[in-house]
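Note that full-length UniProt numbering has the sequence shown beginning at 1, numbered continuously upward.
No residue lacks a Cβ here, since even glycine has one placed at the ideal position from N, Cα and C.
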Amino acid sequence: MAHPKRKISKTRRDKRRTHYKAKAPQVATDPTTGEAHLYHRAHWHEGKLYYRGQILIDNTEEVEA
């Protein structure tokens, strides 16, 4: 197995790891419902699926058989 020729110091190791960080997701507010949701994602509100302020799917309507 390969082994490092020299020990990597803690400082050098930590410098490499500085870019790994958790970011909070960006949250948008729907203009019609005022519901908070993730950007570029459709979201459900009161039985309707909204995307960019428009209704995509409406599950509140009754289907006649």
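Item to check | For P25 and Q43, the rounded distance between their alpha carbons | outcome: Against the sequence shown, residue 43 aligns to sequence position 43. Against the sequence shown, residue 25 aligns to sequence position 25. According to the sequence as given, residue 43 is His; it is not Gln. Distance between H43 and P25, taken at the CA atoms: about 15 Å.
Checklist entry - Along the chain, where does the alpha helix (DSSP H) that runs through D14 open and close? => result As a first step, residue 14 must be located in the sequence shown, where it is residue number 14. Run containing D14: K10 to R16, per the alpha helix (DSSP H) assignment.
Checklist entry - If you run the structure through DSSP and keep just helix, strand and coil, what is H3? => result One-based indexing of the sequence shown puts residue 3 at position 3. In the displayed model, H3 falls within coil according to three-state DSSP, outside both helix and strand.
Checklist entry - Considering only the beta carbon of each residue, do A36 and T29 sit closer than 8 Å? => result Here the question's residue 36 lines up with position 36 in the sequence shown. Here the question's residue 29 lines up with position 29 in the sequence shown. Note that the C-beta distance between A36 and T29 is below 8 Å.
Item to check | Close-in-space but distant-in-sequence residues of the same chain around D58 (CB under 6 Å, 5 per side omitted) | outcome: Position 58 of the sequence shown, counting from 1, holds the residue named residue 58. K48, listed in sequence order.
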